[in-house]
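Peer 1: Right, I'll just put the structure down here and ask away after.
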Amino acid sequence: MSQPIPLSRLRSAAASRFLTEEPQPSSPGDVDDVFPITSSFDESPDPITSPRKRALFDLLERPTSSSSAFLVHFASTSLIIFSAIVTILETVPSFHSISPRVWFGVETSLVLLFTVEYCARSVAWSSSWVSLFKWLISFYGVIDMLAILPYYIEIMLRQDTSVLFRFSILRMFRLLRVFRPFRYNSTILLTIEVMYLAIRRSHHALLALSFFIAMVLTVFSTLLYFAERGTWDDTLETFLNSDGDPTQFQSIPAAAWFVLATITTVGYGEITPRSILGRLITVPLLAFGLLLIALPSFVLGREFSIVWDQMTHGEGIPSGLDTVAAPFHHDRLEAQPVEPIKDLSNRKLAQNQTELSQQISELRVTVEMQGEMIRELLEYLHEERKAKGKCRENKEGNAVVMQPIILYDIPSTVTKEIWAPNPAKTRHVAQLESPVPVSDMQAKDFKDIPSTLKAIGASPTAGGRYTVPVINDPNTGAIVSDSLAIAEYLDKTYPEKPVIPSGTNVLMAAFEPTYCSVAYAKAVKYILTRTLIFVNESSREYFISTRLEMLGAPSWDAIEQNAEQQWEDWKEGLAEVDKWYQKSGGKWIMGDTFSFADMVVACRTIWWNVILDEEQRQELHSLNGGRWAQVLADVNAECGTDL
């Protein structure tokens, strides 16, 4: 807990160095000449001869003079706070149901009590006409009078004066009386004086910043006005923008309001520039707004910290400190002697140099040992990568770490790593061909796929369309489109485990369209409707329009018809494909030889696992003796994937 600060320190030599004014004698009353808390006086300006008026004055104006005075001050303060709370509650809609008579009764009671207090204070200050007049025109005297006068005017005129101004709001200012006891609290006084001194010491920087704000306000308001005002319409007698609407920047003052809201980072948003030129003019204002908030806070915060430290510790101000704290130097601070730098003897310097040399030698040995350990670790990792196939030898025979192959996929709401059938085939192939890592990259939107692929130099498919999957192999610089072409490329570039057996390229090319036409050609509309559920919201319109064009359908409603019949046709098609596997005599299409064709079947199953509901998914897994779930499991095991 902080210790109380003696009041005498507030006017000590350390405090007086911050200002040119001569220090005044320390007393609770003279602190107000720095930052007045109230316009009332602790001592009456004229001697009070009447003992009763003196006692009344002490009772009302000096809460620390006696226990009774403190209780009176506490009751007055409580009454002021209660009055403020009542004023606030009157504006709450839930309290509008209370009868107006209740509010009038509370209002009358408060006004009567404030009237008694006002009259008592007038009597207390009536030792002379001068002192009474001085109190009546003081800040709190005027507020006290305005807090009760409208009520009596309403009673006499029988008219609500709130249509002009709600004078009961002025009672809020009576809350300032709550802070009067703090004039005897040294910590509060010190904080207030430090804040005042910090502002005084920073006034050059703040004035310069204010001038700069005024210049920015004037210049940018003018620029925005001419950029946004539009053309004058004689009929409407207003400026119209390019859309024919009245412009929001009808005058330079209106533009100044937008500039002020922008640089202060308030950003109400009721006025916004609409032209490209107006928005470009606004960009510097956004950056200036950040500086506007940061600079005053930094200057005032630094000054407050400096003054607080010196005031609380009773120390002098170091020489040149004011120049560092404020951007502009002024001569209001008295230069204080700087503590001399401690001189070190040559013997001490020699001793320090010897110790430093020893530490450097030890550090060098440690660094060399760590460097040797790092080299050994790198060699070990190099051999491990080379053994696992992640490194290859270049023409010079040096091992080169393989970079990840970039696989471009479609956007969707599915959290599964790869679910679309064609990219899934490429993932299986890349994982099987070589342990070269694959990095997935999704387009932001379906309609962005063509532009994304064109940007990287990818070629369209045989049908002339830009679609995924596409791979970008940074190890060779190759960019390949179409899943079958990608498989052929990987077979050639990374031939450890080819997926297209020798001499079967034509068969593999013919298998996929044949499989699609047999397995689910009659159910393709149903499959597309289920797929639409997992397409990004922003991509659905593009997805629907391209699929309608592809199918030649008039509307999406036409596609969604006959879903149950399509599901039955789908199962019949899968039964035909199951016969192919039965004839092969093995677990693969080509018997015991794993091929790209099995990836086509497995990746379609991945797709269907995502788009079907739980009941249909279970039925799919049990179809044809669980053939399709087993094919997917076998392909994952063969390729080392988990799709």
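Position 279 of the sequence shown, counted from 1, bears residue number 298 in the working numbering, the numbering being contiguous throughout.
Cβ coordinates follow ideal geometry from the N, Cα and C atoms, glycine included.
(1) What did DSSP end up calling Asp-611 once you bin it into helix, strand or coil?
(2) Report the partner residues of Ser-500 according to the DSSP bridge assignment.
(3) Is it a yes or a no for the stretch 306 to 324 touching the stretch 226 to 240, going by three-plus beta-carbon pairs under 8 Å?
(4) So, for Thr-241: in the same chain, excluding its five sequence neighbours on each side, which residues have a beta-carbon less than 7 Å away from its beta-carbon?
(5) Which same chain residues end up closer than 6 Å to Gln-267 when comparing Cβ atoms and leaving out the 5 residues on each side of it in sequence?
(6) Examine the ligand NAD and report whether any of its heavy atoms sits within less than 7 Å of the Cβ of Trp-589.
(7) Alpha carbon to alpha carbon, how far is Cys-658 from Arg-484?
(8) What does the alpha-carbon distance come out to for the pair Ala-275 and Leu-225?
(9) Is the separation between the beta-carbon of Ser-500 and that of Thr-480 shorter than 8 Å?
(10) Under three-state DSSP, which class holds Gly-644?
(11) Here's a check: name, in chain order, each residue in its chain whose Cβ is nearer than 8 Å to the Cβ of Phe-114, leaving out the five neighbours to either side.
(12) Beta carbon of Ser-213, beta carbon of Val-318: below 8 Å?
(13) Looking only at C-alpha atoms, which of Ser-145, Ile-546, Leu-375, Ala-652 sits nearest to Trp-626?
(14) Please report how far the alpha carbon of Tyr-513 lies from the alpha carbon of Ser-521, in whole angstroms.
(15) Whose CA, out of Ala-652, Val-629, Leu-631, lies closest to the CA of Trp-607?
(16) Go ahead and pull the three-state DSSP assignment for Tyr-287.
(17) Measure the C-alpha to C-alpha separation of Gln-329 and Tyr-215 and round it to an integer number of angstroms.
(18) Return the chain-ordered list of same chain residues with a C-beta closer than 6 Å to the C-beta of Asp-492, the five sequence neighbours on each side being excluded.
(19) State buried or exposed for Val-654, treating a residue as buried only when at least 16 other CB atoms are found within 10 Å of its CB.
(20) Might you give, ordered along the chain, the residues of its own chain that have their beta carbon closer than 6 Å to the beta carbon of Phe-613, omitting 5 neighbours on each side?
(21) How would you write the range of the alpha helix (DSSP H) that Asp-77 sits in, first residue to last?
(22) Could you check how far apart the C-beta atoms of Phe-239 and Gly-249 are, in whole angstroms? I think they sit under 8 Å.
(23) Here's the rule: buried if 16 or more other CB atoms are within 10 angstroms of the residue's CB, otherwise exposed. What is Trp-589?
(24) For Gln-43, which three-state DSSP category applies?
(25) Give the DSSP-derived three-state secondary structure of Tyr-513 in the structure shown.
(26) Please work out which residues of its chain come closer than 8 Å, Cβ to Cβ, to Val-182, disregarding the five sequence neighbours upstream and downstream, and give them in chain order.
(27) Does the separation of the CB atoms of Ala-621 and Val-650 fall below 8 Å?
(28) Using the beta-carbon count (16 or more within 10 Å), is Phe-158 buried or exposed?
(29) Give a yes or no on whether the minimum CB-CB distance between Trp-589 and chain D is below 8 Å.
(30) To the nearest angstrom, report how far apart Ala-594 and Glu-587 are at their CA atoms.
(31) What residues in its chain sit with their C-beta under 6 Å from that of Glu-41, if we drop five residues either side in the sequence?
(32) Compute the Euclidean distance between the alpha carbons of Val-543 and Leu-503, then round it to the nearest angstrom.
(33) Sorted by chain position, which residues of the same chain lie with C-beta nearer than 7 Å to Thr-134's C-beta, five sequence neighbours on each side aside?
(34) Provide the residue(s) that pair with Leu-151 in DSSP beta bridges, ordered along the chain.
(35) When DSSP labels each residue in this structure, what does Ile-379 get in the three-state scheme?
(36) Buried or exposed for Leu-209, going by 16 or more other Cβ atoms inside 10 Å?
Peer 2: If we stick to the structure as given:
(1) Asp-611 falls in the coil class under three-state DSSP.
(2) Val-489
(3) yes
(4) In its chain, beyond the 5 residues on either side, Ile-271 have a beta carbon closer than 7 Å to the beta carbon of Thr-241.
(5) Ile-290
(6) In the structure on display, the ligand NAD does not appear, and there are no ligands present to speak of.
(7) Roughly 29 Å between the two C-alpha positions.
(8) 21 Å
(9) yes
(10) helix
(11) Leu-108
(12) Residue identity differs from the one stated: residue 213 is Val in this sequence, not Ser. By the CB criterion at 8 Å, Val-213 and Val-318 fall outside the cutoff.
(13) The residue from Ser-145, Ile-546, Leu-375, Ala-652 with its alpha-carbon nearest to that of Trp-626 is Ile-546.
(14) 15 Å
(15) Ala-652
(16) coil
(17) 14 Å
(18) Closer than 6 Å at the Cβ level, and outside the excluded window around Asp-492, lie Ile-424.
(19) buried
(20) Trp-607, Glu-657
(21) 70 to 80
(22) Not a contact, Cβ separation roughly 18 Å.
(23) buried
(24) Confidence at Gln-43 is low in this model, with a pLDDT of 38, below 50, so its placement is unreliable and no value can be given for it.
(25) Here Tyr-513 sits in coil by DSSP.
(26) Bear in mind that a pLDDT of 44 at Val-182, under 50, signals an unreliable position, so the model cannot answer this.
(27) yes
(28) exposed
(29) As a matter of chain content, chain D is missing from the structure shown, which is built from one protein chain.
(30) 11 Å
(31) Confidence at Glu-41 is low in this model, with a pLDDT of 40, below 50, so the placement of that residue should be treated as unreliable; the coordinate-derived value is given next. No residues qualify anywhere along the chain.
(32) 21 Å
(33) Annotation for Thr-134: Ile-167 place their beta carbon closer than 7 Å to its own, counting only its chain and skipping 5 residues before and after.
(34) In the DSSP output, where bridge partners are listed per residue, Leu-151 has none listed.
(35) helix
(36) Counting other Cβ atoms within 10 Å of its Cβ, Leu-209 reaches 16 or more and is therefore classed as buried.
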